[in-house]
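Here is the structure we will look at.
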Amino acid sequence: MSKEAVQLSLPGFEQAHGRWRAEYGRQIGTDRVIRNRSQIEIKPLYTPRDWNGESFLDDLGFPGQFPYTRGIYPTMHRGRTWTQRQLIGLGTPEDYNKRVRVILDAGATAISLLPCNSGFRGVDCDEVDPVLLGTCGTVINTTDHMDRALDGVPLGNISTAMNDPSPFTLLAFTLAVAKRRGIPWTSITGTSNQSDYISHFIANHMFYRLSLAGARRVLLDHIEFCRKHVPGWNPVSVVGQHMQQAGATPVETMAFTLSTALQYAQDCIDRGMDIDVVLRRFTFFFDISISFFEEVAKFRAGRRIWARLARERLGAKDPGSWRFKFHGQTSGVDLTEQQPLNNVARVAVQAMAGIMSGLQSLHTDAYDEAITTPTEETARIAVATQNILREEAHLCDVIDPLGGSYYVETLTDQMESEIEVLIGKIDAAGGMYKAAESGLVQSMIGTSALAFQERVERGEEKIIGVNCYQNDSGPSLSRATERPALDRMTDHVARFQAYKEARSQDDVRRALDALARAANSERENVYERIVEAAEAGITHGEIVSCLRKELGFGHPLVVV
Amino acid sequence: MSLATLSPPARVLVTKIGLDGHDRGSRIVAAFLRDAGMEVIYTPPWQSIPAVVKLAMEEDVDVIGISSLATDHLIVPKLTDALRAAGLGHVGVVVGGIVPEDERAVLIDAGVHAIFGPGSARDEIIQHVALLAAKVRETKDAELAEIAQ
Numbered sequence: 000m001s002k003e004a005v006q007l008s009l010p011g012f013e014q015a016h017g018r019w020r021a022e023y024g025r026q027i028g029t030d031r032v033i034r035n036r037s038q039i040e041i042k043p044l045y046t047p048r049d050w051n052g053e054s055f056l057d058d059l060g061f062p063g064q065f066p067y068t069r070g071i072y073p074t075m076h077r078g079r080t081w082t083q084r085q086l087i088g089l090g091t092p093e094d095y096n097k098r099v100r101v102i103l104d105a106g107a108t109a110i111s112l113l114p115c116n117s118g119f120r121g122v123d124c125d126e127v128d129p130v131l132l133g134t135c136g137t138v139i140n141t142t143d144h145m146d147r148a149l150d151g152v153p154l155g156n157i158s159t160a161m162n163d164p165s166p167f168t169l170l171a172f173t174l175a176v177a178k179r180r181g182i183p184w185t186s187i188t189g190t191s192n193q194s195d196y197i198s199h200f201i202a203n204h205m206f207y208r209l210s211l212a213g214a215r216r217v218l219l220d221h222i223e224f225c226r227k228h229v230p231g232w233n234p235v236s237v238v239g240q241h242m243q244q245a246g247a248t249p250v251e252t253m254a255f256t257l258s259t260a261l262q263y264a265q266d267c268i269d270r271g272m273d274i275d276v277v278l279r280r281f282t283f284f285f286d287i288s289i290s291f292f293e294e295v296a297k298f299r300a301g302r303r304i305w306a307r308l309a310r311e312r313l314g315a316k317d318p319g320s321w322r323f324k325f326h327g328q329t330s331g332v333d334l335t336e337q338q339p340l341n342n343v344a345r346v347a348v349q350a351m352a353g354i355m356s357g358l359q360s361l362h363t364d365a366y367d368e369a370i371t372t373p374t375e376e377t378a379r380i381a382v383a384t385q386n387i388l389r390e391e392a393h394l395c396d397v398i399d400p401l402g403g404s405y406y407v408e409t410l411t412d413q414m415e416s417e418i419e420v421l422i423g424k425i426d427a428a429g430g431m432y433k434a435a436e437s438g439l440v441q442s443m444i445g446t447s448a449l450a451f452q453e454r455v456e457r458g459e460e461k462i463i464g465v466n467c468y469q470n471d472s473g474p475s476l477s478r479a480t481e482r483p484a485l486d487r488m489t490d491h492v493a494r495f496q497a498y499k500e501a502r503s504q505d506d507v508r509r510a511l512d513a514l515a516r517a518a519n520s521e522r523e524n525v526y527e528r529i530v531e532a533a534e535a536g537i538t539h540g541e542i543v544s545c546l547r548k549e550l551g552f553g554h555p556l557v558v559v
Numbered sequence: 000m001s002l003a004t005l006s007p008p009a010r011v012l013v014t015k016i017g018l019d020g021h022d023r024g025s026r027i028v029a030a031f032l033r034d035a036g037m038e039v040i041y042t043p044p045w046q047s048i049p050a051v052v053k054l055a056m057e058e059d060v061d062v063i064g065i066s067s068l069a070t071d072h073l074i075v076p077k078l079t080d081a082l083r084a085a086g087l088g089h090v091g092v093v094v095g096g097i098v099p100e101d102e103r104a105v106l107i108d109a110g111v112h113a114i115f116g117p118g119s120a121r122d123e124i125i126q127h128v129a130l131l132a133a134k135v136r137e138t139k140d141a142e143l144a145e146i147a148q
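Chains A and B supply the protein sequences, listed in that same order. Residues in the first sequence are numbered from 0 upward in steps of one, following numbering that gives the first Met the number 0. Residues in the second sequence are numbered from 0 upward in steps of one, following numbering that gives the first Met the number 0.
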């Protein structure tokens with residue numbers, strides 16, 4: 000929408016504006032063309048000529064009111080601040096349990112669980128080189144492992160976010176543990192925050208386990224299962240993070256993420272599910288880069304577009320379905336290995352952008368994120384950063400504090416139109432599933448990634464300590480990198496192998512046969528069988544391998 | 000750019016071993032080595048060590064570039080051992096990505112020629128790989144000449 004034609008009735012505006020323009024031109028000489036990461040040209044000054052508030056009610060309105068540009072709840076952070084949700088995952092289940100108890104003792108009501116890279120690849124701990132185990136997440140392959148990891152954790156009273164890609168074995172193990180402990184599934188809350196298989200196919204290949212068609216089927220079964228049996232669980236988190244980390248611009252990220260959400264919503268409608276029941280449990284997960292105003296505009300525009308899409312295009316009637324609930328994680332891609340303590344400053348700025356955009360939950364990266372898995376000390380600083388922003392900087396006092404800024408509103412409008420153009424392109428390609436399958440999205444992201452890298456190399460995007468100010472001497476990380484103790488990890492593997500052998504092999508075969516049958520029958524819910532398999536002592540690797548065989552192995556499409 | 004030009008051009012295998020799948024770096028490096036005139040063999044992530052050795056042999060590569068962002072560098076010494084065991088000890092190995100300071104020496108001792116951390120300049124990587132490839136080619140040619148005699 001061009002705002003050039005906005006008529007102003009401010010007496011004296013034109014003359015004053017003209018005087019400033021002349022003065023600015025004289026002093027600056029030849030002005031540089033500045034563009035943000037989404038390649039939108041940024042002017043030196045924004046005025047009521049760019050945005051004058053006349054579309055206030057249609058485009059902004061009030062917090063908790065359609066189209067939610069200013070926030071999805073009436074009270075936002077003034078009523079309830081965001082959830083501090085730090086990712087944790089390391090070593091053996093016992094190591095994880097020790098760390099999670101520290102967090103719970105400190106008063107946390109939400110935890111997260113990041114599995115080992117071997118788990119992401121869909122294999123068990125005895126299938127990989129033991130030096131790679133537990134370096135980036137916790138090794139959890141069975142219901143017993145999960146029981147040990149969650150020992151003493153009050154499952155019914157905390158919210159758990161799990162990095163648990165399709166076929167969602169970690170949730171299955173958790174439900175099996177709950178049953179053992181007599182905790183009703185209806186009291187289990189949390190999020191499958193890596194359920195977005197399309198984003199994995201496109202941009203986070205290590206989470207991609209099943210074929211596209213297989214992953215689509217399992218996700219829909221998972222959504223239906225949760226709706227029936229675990230109603231407090233969010234089975235879908237649509238992830239923009241991977242695409243932005245892979246190089247998508249903020250505009251591309253928001254467009255592709257919303258297109259993905261449309262795809263999942265449409266798939267649910269086609270299955271005959273009630274769209275309002277489904278959408279109420281949709282959540283989003285984004286990267287927050289250091290491009291401060293652009294991120295704020297990205298989130299505000301995303302909230303507005305989603306509300307309109309949900310209401311008008313998907314036909315949702317419940318306001319709960321229109322609300323764009325999102326978790327933000329400060330972007331690790333912006334952090335540098337050089338002069339690592341500078342990352343504390345970067346994370347603070349990224350977090351400010353997320354908070355001032357009205358996010359619902361936040362993970363702040365530790366400053367050593369660019370180098371290794373955080374230690375307790377660096378993780379503590381990351382949490383303190385959130386506390387400082389909330390308590391000392393008073394970022395929660397005012398709702399949507401940047402709303403009404405000529406710049407932010409103009410940029411929000413501009414990003415919104417560009418996002419909508421891209422959503423139109425994905426629609427024209429037949430929707431996100433097809434646009435990913437054909438490689439269209441991957442090649443757009445690849446082009447943007449290379450273009451950004453070239454701007455860094457030309458010095459147009461400056462990164463302190465990388466392409467400028469390289470010689471500032473500062474403290475570096477000279478501590479020893481912590482790795483899981485290899486002997487304890489090999490013990491864990493040995494115990495796991497003994498466990499597998501001690502099981503009734505007939506029971507194992509029966510459970511896997513039932514799973515394979517369900518995978519081949521459209522009438523059965525395959526996720527029900529996955530949960531039963533978890534209860535029967537079947538391992539993560541066995542479940543994934545069975546489904547890979549029946550539903551197809553997930554080979555990401557790599558576009559160079 | 001003073002690129003040592005080989006004829007036929009340097010053959011470089013860009014790959015990832017182990018469990019991690021973050022491949023933005025390996026794709027970008029593969030693209031700019033190709034643009035610098037090298038013949039790049041690119042694989043998706045999660046290659047096994049025997050698969051990399053086999054590919055290096057079949058494709059007769061001069062240099063192998065391993066990208067590691069999430070601790071897969073810990074098994075690079077196993078790759079260099081496997082290359083030597085397969086008679087490919089002359090192939091140059093470089094690593095790019097995240098390798099903590101205190102874990103670099105192990106890789107260098109294992110025969111890794113260079114480790115390119117985040118922010119490494121494109122030209123620096125191209126030049127290093129080009130020179131390394133030229134050196135590897137000399138060794139290979141000398142070995143071939145010896146066999147011919």
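Think of the CB as a built atom: it goes at the ideal place given N, C-alpha and C, for glycine as much as any other residue.
Only residues of its own chain outside the window of five on either side were considered, and among them 154 and 155 have a CB closer than 7 Å to the CB of residue 182 of chain A, listed in chain order.
Of the candidates A:529, A:461, A:318 and A:122, A:122 places its Cα closest to the Cα of residue 208 of chain A.
Interface with chain A (8 Å Cβ-Cβ cutoff): residue 70 of chain B is included.
Distances from the alpha-carbon of residue 280 of chain A to those of A:266, A:162, A:368 and A:234 put A:234 closest. Only 369 and 370 from the region 357-370 of chain A bring a Cβ to less than 8 Å from some Cβ of chain B. In this structure, DSSP gives residue 10 of chain B an extended state, which the three-state scheme calls strand. Taken in chain order, the members of the region 56-80 of chain B whose beta-carbon sits within less than 9 Å of a beta-carbon on chain A are 69, 70, 71, 73, 74 and 77. Residues of chain A with a Cβ closer than 7 Å to the Cβ of residue 121 of chain B are, in chain order, 456. Nearest in C-alpha terms to residue 190 of chain A, of all of A:231, A:139 and A:27, is A:231.
Nearest in C-alpha terms to residue 192 of chain A, of all of A:113, A:267 and A:145, is A:113. The region 123-134 of chain A and the region 67-76 of chain B touch, with three or more beta-carbon pairs separated by less than 8 Å. The beta carbon of residue 119 of chain A is closer than 6 Å to those of 205 and 206 in its chain, skipping five residues each way along the sequence.
Of all residues in the region 196-210 of chain A, only 203, 204, 205, 206 and 207 come within less than 8 Å of chain B when Cβ atoms are compared, listed by chain position. Between the beta-carbon of residue 526 of chain A and that of residue 197 of chain A there is about 18 Å, and that puts the pair past the 8 Å contact cut.
A straight-line Cα-Cα distance of about 25 Å links residue 170 of chain A and residue 483 of chain A. With a contact defined as Cβ atoms closer than 8 Å, residue 338 of chain A and residue 286 of chain A miss out at about 22 Å. Cβ proximity to chain A below 7 Å picks out 23, 26, 27, 29 and 30 from the region 23-37 of chain B. Going by DSSP, residue 367 of chain A is part of no alpha helix (DSSP H) at all; its letter is neither H nor E.
The beta-bridge partner set that DSSP reports for residue 83 of chain A consists of A:361.
In this structure, the CA atom of residue 529 of chain A is about 7 Å from the CA atom of residue 168 of chain A. Remark: fewer than three beta-carbon pairs, one from each stretch, lie closer than 8 Å, so the region 3-19 of chain B and the region 265-284 of chain A are not flagged as touching.
The criterion of a C-beta distance shorter than 8 Å is not satisfied by residue 36 of chain A and residue 377 of chain A. In chain B, no part has a C-beta under 9 Å from the C-beta of residue 341 of chain A; the shortest such distance is about 12 Å.
Scanning its chain for C-beta atoms nearer than 7 Å, with the 5 sequence neighbours on each side dropped, one finds around residue 195 of chain A the residues 236, 237, 238 and 259, in chain order. Look at the beta carbons and you see the region 109-129 of chain B touching the region 79-96 of chain B: at least three pairs across the two are nearer than 8 Å.
By the CB criterion at 8 Å, residue 357 of chain A and residue 399 of chain A fall inside the cutoff. Scanning its chain for C-beta atoms nearer than 8 Å, with the 5 sequence neighbours on each side dropped, one finds around residue 136 of chain B the residues 5, 9 and 61, in chain order.
In this structure, the alpha-carbon of residue 117 of chain B lies about 31 Å from that of residue 257 of chain A. Note on geometry: alpha-carbon atoms of residue 229 of chain A and residue 360 of chain A lie some 21 Å from one another.
Under the 10 Å beta carbon count, residue 335 of chain A is surrounded by 16 or more other beta carbons and is classified as buried. For residue 296 of chain A, the CB contacts under 7 Å within the same chain, skipping 5 residues up- and downstream, are 407, 410, 411 and 414 in chain order. Looking at the backbone, the Cα of residue 386 of chain A and that of residue 380 of chain A are separated by about 10 Å. Assignment of residue 496 of chain A by DSSP, reduced to helix, strand and coil, places it in the helix class. For residue 395 of chain A, no Cβ of chain B is located within less than 8 Å of the residue's own Cβ. If only uninterrupted alpha helix (DSSP H) runs of at least 4 residues are considered, those enclosed by the region 264-303 of chain A are 274-278.
Cβ proximity to chain B below 8 Å picks out 119, 120, 127, 128, 130, 131, 134 and 135 from the region 119-137 of chain A.
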